[in-house]
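Residue numbers (my numbering), protein chains in the order written: chain F, 2 to 387; chain A, 742 to 1030.
Heads up, the beta-carbon is just placed ideally off N, CA and C, and yes, glycines get one too.
Only one structure is covered here, and it is reproduced in the block below.
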């Protein structure tokens, strides 16, 4: 009898606990974890897999931003916390991860992913679940037309336009393109070709390269043999970009070498060699060569923490967290609906330019926000004029 | 684009494939197993070398020696942990285990050293200029090592008692055991040598391919293709197959779009295998027999 009562009491206690836990999880609390002293931000990122290098750079940028914000007192007196899901670069894992964050962790905002295919797959889910999403991809068409999706990166098309504008300013009449044979690089090839046509620059050679390889002698040789005024390099965001640059420099090509923002990564001089790195001018979102005070503070803090310069991708992720924090600060409640409304009206001034969103435009800043950067003796520098 | 430059880069590409192909050949001849972790073992070797360099060891030949020794020891562990537990379930199970460990190496390398390739110092910087031909000293070193390993392997497999024991053990385990050959020991030696060779290759090729990164699977695929093209059972065959593959790829990339190179190379391989199922040198060996 006594044993049966104990059993009933235990069941009652467990039921009460289960009900209270469920109630916490589904309450309209200002936080997603019910603890009341943090704002949990969801992150879908690819820190392992073939594009793990990209995701790890982004993870570092987010980590630094959260630490800085929390060290300065957090947002509305509460700390920020990242709930990260590694999608390993897989589209399936991206959508599964997003759903988990939206329905189990119940975050109202998710940062990432940073891979185009994954972003395309997951963006419709943001509107479906009423979750604000800040993508780290440079394709505004993915976010435009949605209610809850925004992008931080400067559009890839704008990067291409900035590269072509720079070539034109330097007097190039014709050019070759070497582009990474993946969706990002293919889009770059198309955008550069279109921008060059509009600017009156002839494209005399266009060659793709496989970022999974290491020998780019043939591609570099064909581009240089066409003897163009400029060679545009549109990379994959990994170390193979630097090997392509190394191959181009090894041909003895004397004209302009103009890289996309991937060529402003700090590993370029060591990987491509100093001589090659000194020859490339990257049109990039971060003014490494001549940083303003805010940018310099970020560059120094990042270097102090990770022992390396932040890549553009790290910077975008850093800005995404800052944008989210600014939105939480102004939003009347921590819901996807309110955060999206605030982000659209913020006109947030970031270190990569002003993030001015409208109902129709959800991409990052335009071509004017790109800065030319090169290297001198392995260090960032402003390219010589003309 | 000068053909001679492409030939030099193609020969180096082929020599890199040959180092992987020789690993396939060595394990196949000595154990009958196809080890698909061969490319990722090369990557692990490069990363071990990078760790030593970052610790301040700047004599690359010494780094190569230490990595070779580490590779030999890892090979013994590899045999004990990956091959031994699966060998009684047949070759398919063993091959599946090598595919599994390939993924472990690839992702493990990313977690420990990061996913991107890292610069690695060459044994000797600079280039040798012969007329208009320019050959990097590192390229020359890789070519030399490939030739030396091929000669060593031919002697080991064809002339030495241990090598013959290994081949016998791979051909018929029961018969080998009956005549007193320690099959387990032979297999452990085979995997130790294969891992050692791959690790050494990792240090040699890292100045060109970068250390680490995501090249392991591509190296496995190309090394295996080269080995099959030349004839997996022939030392000379795998070298010729791998070098032909490298040169063919390099020259082809100069005349057609890069996107078509791999499909054309693999279609060419299928055609060759249709005509000569045992590879270029496998058929010759059969005819001679």
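Residue i burial status per 10 Å Cβ neighbour count (16 or more: buried)
i: residue 880 (chain A); result: buried
i: residue 843 (chain A); result: buried
i: residue 1015 (chain A); result: exposed
i: residue 369 (chain F); result: exposed
i: residue 889 (chain A); result: exposed
i: residue 796 (chain A); result: exposed
i: residue 380 (chain F); result: exposed
i: residue 23 (chain F); result: Low per-residue confidence applies at residue 23 (chain F): pLDDT is 39, beneath 50, and the placement is therefore not dependable, though the value from the model is reported in the following sentence. Label assigned to residue 23 (chain F): exposed.
i: residue 216 (chain F); result: buried
i: residue 1 (chain F); result: Examination of residue 1 (chain F) is not possible in this model, given that chain F is present from 2 through 387 alone.
i: residue 928 (chain A); result: buried
i: residue 304 (chain F); result: exposed
i: residue 982 (chain A); result: buried
i: residue 298 (chain F); result: exposed
i: residue 1007 (chain A); result: exposed
i: residue 913 (chain A); result: exposed
i: residue 21 (chain F); result: Note on residue 21 (chain F): pLDDT 41, under 50, position unreliable in the model; the coordinate value appears next. So residue 21 (chain F) counts as exposed.
i: residue 348 (chain F); result: exposed
i: residue 63 (chain F); result: buried
i: residue 688 (chain A); result: Residue 688 (chain A) is absent from the structure shown; chain A starts at 742 and stops at 1030.
i: residue 920 (chain A); result: exposed
i: residue 407 (chain F); result: Because chain F spans 2 through 387 in this model, residue 407 (chain F) falls outside it and cannot be assessed.
Residue-chain proximity (residue i, chain F), Cβ-Cβ < 8 Å
i: residue 959 (chain A); result: yes
i: residue 754 (chain A); result: yes
i: residue 851 (chain A); result: yes
i: residue 950 (chain A); result: yes
i: residue 954 (chain A); result: yes
i: residue 1071 (chain A); result: In the structure as shown, chain A starts at 742 and stops at 1030, and residue 1071 (chain A) therefore has no counterpart that could be examined.
i: residue 964 (chain A); result: no
i: residue 746 (chain A); result: yes
i: residue 1009 (chain A); result: no
Residue i: first and last residue of the uninterrupted beta strand (DSSP E) it sits in
i: residue 960 (chain A); result: Premise fails: residue 960 (chain A) lies in the alpha helix (DSSP H), 957–971, not in any beta strand (DSSP E).
i: residue 46 (chain F); result: 39–46
i: residue 774 (chain A); result: Neither: residue 774 (chain A) is in no beta strand (DSSP E) and is coded neither H nor E.
i: residue 175 (chain F); result: 175–181
i: residue 871 (chain A); result: 868–871
i: residue 209 (chain F); result: 203–210
i: residue 377 (chain F); result: 372–377
Limits of the unbroken alpha helix (DSSP H) element including residue i
i: residue 989 (chain A); result: 976–996
i: residue 192 (chain F); result: 184–200
i: residue 299 (chain F); result: 294–307
i: residue 167 (chain F); result: 157–170
i: residue 1004 (chain A); result: 999–1016
i: residue 223 (chain F); result: 218–226
i: residue 390 (chain F); result: The structure shown does not extend to residue 390 (chain F), since chain F is modelled only from 2 through 387, so no value can be given for it.
i: residue 795 (chain A); result: 779–795
8 Å Cβ cutoff, residue i in contact with chain A
i: residue 255 (chain F); result: no
i: residue 142 (chain F); result: no
i: residue 220 (chain F); result: yes
i: residue 309 (chain F); result: no
i: residue 51 (chain F); result: yes
i: residue 54 (chain F); result: yes
i: residue 85 (chain F); result: no
i: residue 208 (chain F); result: yes
i: residue 330 (chain F); result: no
i: residue 59 (chain F); result: no
i: residue 216 (chain F); result: yes
i: residue 272 (chain F); result: yes
i: residue 223 (chain F); result: yes
i: residue 370 (chain F); result: no
i: residue 379 (chain F); result: no
i: residue 211 (chain F); result: yes
Anticipated Cβ contact below 8 Å, residue i with residue j, distance rounded
i: residue 85 (chain F); j: residue 119 (chain F); result: Not quite, the Cβ-Cβ distance comes to about 15 Å (not below 8 Å), so this is no contact.
i: residue 816 (chain A); j: residue 989 (chain A); result: Actually they do not touch by this definition, with Cβ atoms about 31 Å apart.
i: residue 213 (chain F); j: residue 947 (chain A); result: Going by Cβ atoms, the distance from residue 213 (chain F) to residue 947 (chain A) rounds to 16 Å, so no, they are not a contact pair.
i: residue 180 (chain F); j: residue 187 (chain F); result: 7 Å
i: residue 300 (chain F); j: residue 292 (chain F); result: 6 Å
i: residue 389 (chain F); j: residue 177 (chain F); result: Beyond the ends of chain F as shown, which are 2 and 387, falls residue 389 (chain F); an answer cannot be given.
i: residue 94 (chain F); j: residue 44 (chain F); result: About 13 Å separates the two Cβ atoms, so there is no contact after all.
i: residue 915 (chain A); j: residue 755 (chain A); result: Contact flag wrong, Cβ pair sits at about 39 Å.
i: residue 860 (chain A); j: residue 54 (chain F); result: That pair is no contact at about 14 Å.
| What runs of the beta strand (DSSP E), each 3 residues or longer, lie entirely inside the segment 55–143 of chain F? | DSSP runs (the beta strand (DSSP E)) wholly in the segment 55–143 of chain F: 80–87, 110–112, 133–136.
| Residue ranges of each alpha helix (DSSP H) within the segment 882–946 of chain A, 4 or longer | For the segment 882–946 of chain A, whole alpha helix (DSSP H) runs of length 4 or above, ordered along the chain, are 902–912, 914–919.
| query | At what residue ranges does the segment 316–355 of chain F contain a whole run of the beta strand (DSSP E), taking only runs of 3 or more? | reply | Taken in chain order, the complete beta strand (DSSP E) segments of 3 residues or longer contained in the segment 316–355 of chain F are 349–351.
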